[in-house]
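*Asks:*
Protein chains: 4
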Amino acid sequence: MPGGDLDRSYQELRGRLEEKGIDVDGVEAKLRAQRVETPSWAYGNSGTRFKVFPQPGVPRNPFEKFEDAAQVHRHTGICPSVAVHIPWDKVDDYGELASFAGSLGMRIGAINPNLFQDEDYKLGSVTHPDPRVRRKATDHLLECIEIGRQVGSDIQSLWFADGTNYAGQDSFVERRHRMLECLREAYAAMPEGMRMLLEYKFYEPAFYHTDLADWGQSLLMCQKLGDRAQVLVDLGHHALGTNVEQIVATLLDEDRLGGFHFNARRYGDDDLIVGSTNPFELFLIYVELVDAERRGARVDRVAYMIDQSHNIEPKIEGMIISVMQLQESYARALVVDWRELEDARRSGDVLRAYRVLQDAYQTDVRPLCAVVRQQLGASADPVGAFRASGYMEKIASERQGGVQMSWT
Amino acid sequence: MPGGDLDRSYQELRGRLEEKGIDVDGVEAKLRAQRVETPSWAYGNSGTRFKVFPQPGVPRNPFEKFEDAAQVHRHTGICPSVAVHIPWDKVDDYGELASFAGSLGMRIGAINPNLFQDEDYKLGSVTHPDPRVRRKATDHLLECIEIGRQVGSDIQSLWFADGTNYAGQDSFVERRHRMLECLREAYAAMPEGMRMLLEYKFYEPAFYHTDLADWGQSLLMCQKLGDRAQVLVDLGHHALGTNVEQIVATLLDEDRLGGFHFNARRYGDDDLIVGSTNPFELFLIYVELVDAERRGARVDRVAYMIDQSHNIEPKIEGMIISVMQLQESYARALVVDWRELEDARRSGDVLRAYRVLQDAYQTDVRPLCAVVRQQLGASADPVGAFRASGYMEKIASERQGGVQMSWT
Amino acid sequence: MPGGDLDRSYQELRGRLEEKGIDVDGVEAKLRAQRVETPSWAYGNSGTRFKVFPQPGVPRNPFEKFEDAAQVHRHTGICPSVAVHIPWDKVDDYGELASFAGSLGMRIGAINPNLFQDEDYKLGSVTHPDPRVRRKATDHLLECIEIGRQVGSDIQSLWFADGTNYAGQDSFVERRHRMLECLREAYAAMPEGMRMLLEYKFYEPAFYHTDLADWGQSLLMCQKLGDRAQVLVDLGHHALGTNVEQIVATLLDEDRLGGFHFNARRYGDDDLIVGSTNPFELFLIYVELVDAERRGARVDRVAYMIDQSHNIEPKIEGMIISVMQLQESYARALVVDWRELEDARRSGDVLRAYRVLQDAYQTDVRPLCAVVRQQLGASADPVGAFRASGYMEKIASERQGGVQMSWT
Amino acid sequence: MPGGDLDRSYQELRGRLEEKGIDVDGVEAKLRAQRVETPSWAYGNSGTRFKVFPQPGVPRNPFEKFEDAAQVHRHTGICPSVAVHIPWDKVDDYGELASFAGSLGMRIGAINPNLFQDEDYKLGSVTHPDPRVRRKATDHLLECIEIGRQVGSDIQSLWFADGTNYAGQDSFVERRHRMLECLREAYAAMPEGMRMLLEYKFYEPAFYHTDLADWGQSLLMCQKLGDRAQVLVDLGHHALGTNVEQIVATLLDEDRLGGFHFNARRYGDDDLIVGSTNPFELFLIYVELVDAERRGARVDRVAYMIDQSHNIEPKIEGMIISVMQLQESYARALVVDWRELEDARRSGDVLRAYRVLQDAYQTDVRPLCAVVRQQLGASADPVGAFRASGYMEKIASERQGGVQMSWT
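Protein sequences, first through last, are from chains A, B, C and D.
Mapping to UniProt numbering: the first sequence position 30 is 30, numbers consecutive.
Mapping to UniProt numbering: the second sequence position 106 is 106, numbers consecutive.
Mapping to UniProt numbering: the third sequence position 60 is 60, numbers consecutive.
Mapping to UniProt numbering: the fourth sequence position 187 is 187, numbers consecutive.
#1: Let me know if S103(D) comes out buried or exposed under the rule of 16 or more other beta-carbons within 10 Å of its beta-carbon.
#2: If I follow the unbroken beta strand (DSSP E) through S99(A), where does it start and stop?
#3: Three or more C-beta pairs closer than 8 Å, one from the stretch 73-83 of chain B and one from the stretch 99-116 of chain B: is that the case here?
#4: Against F280(C), what residues of chain A qualify as contacts under a CB-to-CB distance less than 7 Å, listed in chain order?
#5: Determine, using beta carbons only, whether G163(D) and D211(D) come nearer to each other than 7 Å.
#6: Quick one: any contact between the stretch 335-354 of chain B and the stretch 134-153 of chain C, if contact means 3 or more CB pairs under 8 Å?
#7: Taking 7 Å as the CB-CB limit, is I395(A) close to chain B?
#8: What residues from chain A crowd round Q169(D), counting only those whose CB sits closer than 8 Å?
#9: Beta carbon of R332(C), beta carbon of F283(C): below 7 Å?
#10: Starting from R352(A), follow its DSSP beta bridges and name the residues at the other end.
#11: From the DSSP output, read off the bridge partner residues of N45(C).
#12: For a test of the three-state rule: what should DSSP assign to L115(C), helix, strand or coil?
#13: Could you tell me the distance, in whole angstroms, from the CA atom of E398(D) to the CA atom of N311(D)?
#14: I'd like to know whether the C-beta atoms of N45(A) and V36(A) end up nearer to each other than 7 Å.
#15: With DSSP collapsed to three states, give me the class of Q230(A).
#16: On the three-state DSSP scale, how would you describe A188(B)?
#17: Straight-line CA distance for A360(B) to D253(A)?
#18: Are A396(C) and L6(C) close, meaning C-beta to C-beta below 7 Å?
#19: Residues in the stretch 57-81 of chain D with C-beta within 9 Å of chain C's C-beta atoms, listed in sequence order?
#20: So which residues of chain C does Q117(D) contact, with C-beta pairs closer than 8 Å?
#21: Give the straight-line distance between the Cα atoms of V372(B) and I78(D), rounded to the nearest whole angstrom.
#22: On a CA-only basis, which of K30(C), G258(C), K20(C), Q358(C) is nearest R294(C)? Give me that one, please.
#23: Once you ignore the five residues that flank S329(D) on each side, which residues in its own chain have a CB closer than 8 Å to its CB?
#24: Are the CB atoms of R195(A) and G236(A) nearer to each other than 7 Å?
#25: From the DSSP output, in three-state form, read off Q55(B) for me.
#26: Report buried or exposed for A33(A), applying the criterion of at least 16 other Cβ atoms within 10 angstroms of its Cβ.
#27: Against H237(B), what residues of chain C qualify as contacts under a CB-to-CB distance less than 9 Å, listed in chain order?
#28: Roughly how many angstroms separate the alpha carbons of F80(C) and V244(C), rounded to a whole number?
#29: Which runs of the beta strand (DSSP E), 3 residues or longer, sit entirely within the stretch 135-208 of chain A?
#30: Can you list, in chain order, the residues of the stretch 188-206 of chain D whose Cβ is nearer than 8 Å to any Cβ on chain C?
Below you can see the structure in the form of structure tokens.
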């Protein structure tokens with residue numbers, strides 16, 4: 001969509017970056033190595049509490065979700081894995097699902113247990129006052145670890161909707177202790193090399209308190225569990241005004257950043273297309289990731305996952321745009337002039353330091369990203385290519401009968 | 001639940017209030033005249049976007065909803081009317097529904113059109129770019145006006161979920177003009193004596209912008225429509241930190257306060273039990289209402305309606321508690337010492353003025369409210385009496401078969 | 001700072017825009033006609049309630065403030081006017097100040113009365129319970145109108161710190177009436193051609209309620225005063241999560257947008273450099289302004305003013321950066337492909353519409369802005385040129401003795 | 001101010017509580033043992049960034065501040081200690097200040113270093129890029145520890161204004177490391193029995209990021225320092241919507257709650273009279289404290305301190321009201337029916353559990369608190385007694401000449 005002649009724009013940009021001393025080949029290598037995992041549930045119908053708008057061609061089973069995810073990978077070149085959700089993606093034979101994924105050039109990524117859609121979980125899952133419910137919840141965690149072992153997934157990605165709606169409803173402290181006990185059992189069951197990511201969320205669906213409401217609550221749990229327990233940062237799960245990039249930097253500094261759920265929000269947990277509300281914030285998060293790598297932090301342990309919930313926009317195209325915005329944000333962070341930045345910081349030159357970041361942010365990196373995608377055998381113009389491919393029309397006509405999958 | 005001997009507590013309170021010069025008989029008369037409307041949809045199942053937890057005994061049709069609402073009225077004495085939602089409460093014969101309500105000592109209150117649960121409304125209803133969809137939406141408004149005329153309801157209570165999710169998606173200005181055109185047609189169709197209330201909402205289910213996002217947007221529409229168009233204030237529909245009582249006072253001063261949707265929230269539009277998160281705010285809203293009546297504002301045109309969405313708590317009991325908290329807040333506002341307050345304000349005595357309100361707020365008015373309920377033939381202890389009545393057990397066993405009603 | 005060869009980058013950009021059908025000459029003409037007013041108080045010392053950090057070379061009188069402002073104009077080419085604050089900029093002979101400004105190629109812009117720094121205003125100015133204080137406040141408004149008449153300024157820019165800190169402290173309604181009475185007297189005193197802008201602010205320095213807390217409160221006042229009363233939008237004066245561009249569009253649609261106070265914020269009214277926290281929001285505001293001009297709205301009546309309060313950054317350079325970010329945001333809004341956008345909206349193509357804006361936003365317009373500044377006889381690289389000019393060193397050494405000006 | 005006959009109201013309340021099984025003598029004993037520390041700086045002038053309104057009779061030195069604080073203790077009976085701020089309360093001879101305090105029945109409480117009002121700290125204190133500034137900051141910490149040792153204070157209460165205003169200005173991670181290094185040196189210098197409290201703050205005076213922005217950031221520092229480093233919770237230092245009582249409960253559970261700075265806020269860090277915006281929240285915090293004591297948590301290590309900044313209200317009276325509201329909140333928390341609450345929680349009876357808290361909250365405990373104050377030899381009606389005492393008139397006439405103390 002930047003239009004014009006790609007090669008001319010690319011050469012102009014490359015020349016400009018090289019004059020500033022940026023190693024453009026190195027930047028491109030980093031961009032080729034970038035990976036983003038998309039979530040199976042984003043390909044099914046989803047919506048708000050008021051209405052789920054069904055869309056034509058939506059998958060009717062986990063296999064069709066992988067087909068759709070493969071389209072995102074085909075056009076972007078950096079999305080070969082798919083996070084699955086149990087029981088939404090429950091199948092009789094996970095080996096069959098993994099093989100099918102492999103046949104598409106894809107693989108199964110993080111395993112996401114579901115502990116919020118059973119009648120039993122009305123007052124909590126691993127925090128529930130009733131030991132029977134906690135047993136059931138823990139068993140589900142164990143089941144998901146077993147699935148992960150079977151399909152070769154090394155990440156258990158846990159989000160707990162647990163919380164209360166009214167003051168007094170339950171004891172904050174006892175709920176912490178109950179959760180810890182359940183998680184310890186699950187942690188102990190994980191094979192070596194598997195990690196447990198603990199997501200936090202400021203509010204919703206619990207309205208008075210959420211047991212893991214912020215990164216501090218998740219981090220405390222992780223500290224008690226062990227070093228393969230890490231915090232998962234979902235961009236939409238913070239109080240308004242929170243500096244998310246600072247949290248990212250802190251967790252990286254503590255070696256406790258397990259991964260991201262990328263999406264965008266204006267007010268609540270809106271689960272919009274990544275970067276669509278404040279793209280500058282997304283850039284600043286990537287600046288921290290690039291900086292951490294420079295410092296030698298273990299960024300290889302960070303899982304980059306998208307978690308968005310399309311309400312009105314076409315699902316596959318919405319996902320492609322999110323991936324592109326992650327790619328462009330990373331590219332901008334990669335062209336930051338660190339020498340200049342560090343010099344400005346050292347000399348207390350506030351405005352020069354700020355302008356170093358602004359300079360990188362304002363750089364139109366789209367030609368660079370397009371060329372990188374071509375290098376990967378994907379599309380210079382992913383949205384245009386996807387629209388032209390006829391895939392949407394094909395699935396809309398072929399996926400007749402059956403029940404569309406939904407995230408609820 | 002205050003416990004102890006009601007009569008002794010009541011006499012102690014009455015004596016204390018009279019010593020301060022409060023006309024306790026007058027206060028009781030006001031409390032007996034208080035009316036609160038409950039919403040039919042609160043008796044059906046509801047929930048969050050993640051899960052709706054069904055409950056035993058939930059109504060399977062509008063008639064059963066009225067039966068449940070009659071329980072709330074039976075125990076509180078001040079809730080004889082029920083707001084209905086079309087099409088959730090659609091029946092073949094509204095006369096039959098009205099008669100049935102009458103047989104229970106109840107009546108139909110405000111009519112609430114639904115313009116957010118049809119596939120056509122994915123991008124808006126009265127604001128939709130496509131004139132066909134706007135026609136459909138307007139026809140539904142006209143239908144609801146006709147139903148209102150049939151059942152003798154004088155309030156059309158309109159909430160528009162209309163908005164956009166992404167910057168650029170549609171034109172703010174054109175959407176305003178489209179909405180105004182549709183509302184003008186509906187307004188013109190209202191019989192004399194019928195009012196149109198325009199609710200606003202800060203966010204959700206639209207995430208980038210909501211067409212009627214705040215009281216200013218609603219008020220501008222009302223000004224263009226006529227003096228029977230008024231603003232509806234839902235307590236959960238404001239930005240964090242908003243001074244809601246100031247909005248209430250301003251709208252009363254402009255004769256544009258049409259009514260309330262009472263509920264409580266901590267962060268989003270949580271639709272919790274009224275007064276459960278910040279009871280002091282609820283008290284301050286009632287202080288403005290009492291003050292407005294003192295000034296001669298038309299408080300008779302204010303509709304007091306509850307709009308809550310029970311997620312985990314029993315529906316009828318939750319509603320009873322909300323009604324009691326409205327009653328207690330009103331009672332506290334009625335025992336404000338206005339002479340002292342005005343004197344403190346005039347002399348710029350900030351702390352004395354504040355403490356006059358604190359004094360009223362801290363007063364334990366529960367004995368007074370219990371006595372008033374007895375005077376009305378309702379229950380001194382509504383929750384206890386309802387629990388003891390066996391109604392819950394009765395409907396849980398009788399309402400077998402059929403499909404429970406839900407708000408979606 | 002984009003680096004590289006300006007002409008090459010400019011030609012590449014120009015070519016790309018023209019291929020998309022953008023009239024680049026027209027865009028440049030608009031950019032040359034852009035005007036931004038800087039505030040005299042931003043050149044003096046300012047800070048937070050905790051500390052004001054004084055800076056070397058800060059002006060000691062209004063004349064030196066104009067000298068500094070002239071530097072901003074010299075390097076940006078679009079800032080010939082300066083908003084003044086009474087009494088901070090009080091001088092014996094306003095004619096002399098105006099002449100001095102003229103000698104620098106500058107002029108006096110909006111007049112800002114001060115109604116918050118006198119002991120008398122502790123409980124309010126035009127809303128104060130005591131008529132003597134209201135008289136004093138109104139007299140100050142009249143004095144400022146007279147100053148405006150003398151110096152040929154056509155804008156009275158009013159911000160009221162009025163509000164209360166505690167529930168009960170004063171009556172919302174009586175305060176509204178008192179304010180209206182005072183403003184009516186001031187409005188009547190304005191010569192034809194003079195406008196009164198009413199700023200609103202969500203909170204601070206009043207903490208329980210602010211009399212003009214949102215655009216709705218200001219608009220109601222303006223409606224009662226007359227069509228030369230308009231609302232002023234300060235970007236930092238909204239609740240978190242507010243869609244400011246929607247407010248801008250609505251006020252333009254009602255012909256009630258009087259002007260802006262540009263700055264940036266993350267949480268409170270941080271008064272940071274424009275565009276430094278969410279540059280995408282700034283772009284979207286300019287999109288509405290460009291769209292309004294396309295529709296024929298009276299954008300000529302919109303005053304574009306900066307109101308920032310430098311805490312730690314050098315004042316003149318901070319101001320230059322703010323002006324550049326306003327220029328770049330406007331430039332991006334001017335390269336929106338409206339035909340494509342309207343087509344996407346009409347066909348309900350949500351993602352295409354969003355991407356049209358993204359395409360304009362991601363365009364690196366810096367070469368275009370640099371060329372425009374050259375056309376205006378200003379600096380291609382304003383920050384670099386200002387730093388190289390030696391002005392900072394000059395004033396730091398020359399402005400010895402006397403008392404630095406401060407905004408308090 | 002509840003009015004009426006105190007003894008009659010007290011007997012009625014006592015009877016009602018005893019019928020519910022509350023040990024009223026035990027409650028009174030707890031209330032007599034309650035302690036609240038007031039801050040020396042609240043007796044001096046303070047204000048917003050826009051204006052500090054001076055008040056008659058304000059202290060001109062630390063000794064006069066202790067005189068004023070002694071008035072608060074005289075009328076409430078529970079405020080014998082005063083937090084001091086260095087250098088605001090710097091004196092040549094701390095022994096003399098301590099003796100003077102003793103002669104008033106008072107003592108010196110927590111020591112508060114000031115690391116935000118020196119020119120050197122513009123870009124940070126213990127986080128500053130320049131080692132010279134960090135040395136200076138650390139030396140001040142050491143100085144304050146020495147003062148604490150001299151006056152027998154066992155608490156160092158640290159608040160860091162450190163942060164940045166612009167993205168890129170400095171490195172989050174390097175600042176963490178610099179802070180930790182400085183704090184380690186200070187921690188090591190503390191005598192046994194002295195504790196270091198680390199306050200966090202969501203925003204202000206830094207606007208882009210604050211180094212200790214939330215409880216998680218403070219807790220991580222404390223964990224690295226040792227078990228005499230604990231977190232200090234200031235009620236005004238959280239993002240909107242934060243559940244503060246949950247944080248309190250969590251820190252108590254981790255034995256890391258060092259103390260409170262009590263105040264109230266609606267939006268920012270408004271530093272209003274305690275309990276004046278959401279008294280229900282204050283009650284819920286005390287419920288957690290009472291619950292923690294029941295569980296055997298070390299609540300004896302919690303320092304209860306007020307930190308408010310009076311803008312428009314008289315200082316001593318404002319402080320008295322804050323202390324009363326803390327007393328009343330504690331009293332309400334002490335009459336919670338824990339047996340009933342635990343039973344309701346165990347049986348998943350959400351509404352019963354909520355109503356147990358509501359029952360305690362709605363109880364008008366003022367007669368009980370008045371009697372407790374009488375038992376302590378203080379005033380049944382502290383505000384009335386203070387107003388009648390003539391103290392305000394006395395200091396207004398006596399404290400002529402000299403410079404009023406201010407917090408800046």
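Note that beta-carbon positions come from the ideal geometry of N, C-alpha and C, so glycine has one too.
In this text, all values refer to a predicted model and were calculated from it rather than measured experimentally.
*Replies:* To lay it out plainly:
#1: Burial call: exposed.
#2: Counting along the chain, S99(A) sits inside no beta strand (DSSP E); it lies in the alpha helix (DSSP H) bounded by residues 94-103.
#3: The stretch 73-83 of chain B vs the stretch 99-116 of chain B: in contact.
#4: In chain order: N278, P279, F280.
#5: D211(D) is positioned such that its CB atom lies closer than 7 Å to that of G163(D).
#6: By the Cβ rule, the stretch 335-354 of chain B does not count as touching the stretch 134-153 of chain C, because fewer than three pairs are nearer than 8 Å.
#7: Not closer than 7 Å to any Cβ of chain B, the Cβ of I395(A) fails to qualify, so no.
#8: Identification of chain A residues near Q169(D) by a Cβ-Cβ cut-off of 8 Å yields R345, V350, A353, Y354, ordered along the chain.
#9: A contact, by the Cβ cut-off of 7 Å.
#10: Note: R352(A) is not bridge-paired with any residue in the DSSP secondary-structure output.
#11: Beta-bridge pairing links N45(C) to S406(C).
#12: In the three-state reduction of the DSSP assignment, L115(C) falls in the coil class, being assigned neither a helical nor a strand state.
#13: For E398(D) and N311(D), the distance between alpha carbons rounds to 22 Å.
#14: A distance of 7 Å or more separates the beta carbons of N45(A) and V36(A).
#15: Judged by DSSP in its simplified three-state form, Q230(A) adopts strand.
#16: Reduced to three states, the DSSP call for A188(B) is helix.
#17: The alpha-carbon atoms of A360(B) and D253(A) are separated by roughly 52 Å.
#18: Judged by beta-carbon spacing, L6(C) lies beyond the 7 Å limit of A396(C), meaning their Cβ atoms are not closer than that value.
#19: Cβ contacts with chain C come from no residue of the stretch 57-81 of chain D.
#20: Going along chain C in sequence order, the residues near Q117(D) (Cβ under 8 Å) are F50, K51.
#21: Distance between the alpha carbons of V372(B) and I78(D): 40 Å.
#22: Per the Cα distances, K30(C).
#23: Cβ neighbours of S329(D) beyond the five flanking positions: G275, P279, L282, F283, I285, Y286.
#24: Taking 7 Å as the cut-off, the Cβ atoms of R195(A) and G236(A) do not count as close.
#25: Correct three-state label for Q55(B): coil.
#26: Exposed: under 16 other Cβ atoms inside 10 Å.
#27: The contacting residues do not exist; H237(B) stays about 12 Å from chain C at best.
#28: Checking the displayed sequence, the identity of residue 80(C) turns out to be Pro instead of Phe. Between the C-alpha atoms of P80(C) and V244(C) there is a straight-line separation of about 27 Å.
#29: Here the runs fully enclosed are 155-158, 195-199.
#30: For chain C, the residues of the stretch 188-206 of chain D that bring a beta carbon within less than 8 Å of one of its beta carbons are F202, Y203, E204, P205, in chain order.
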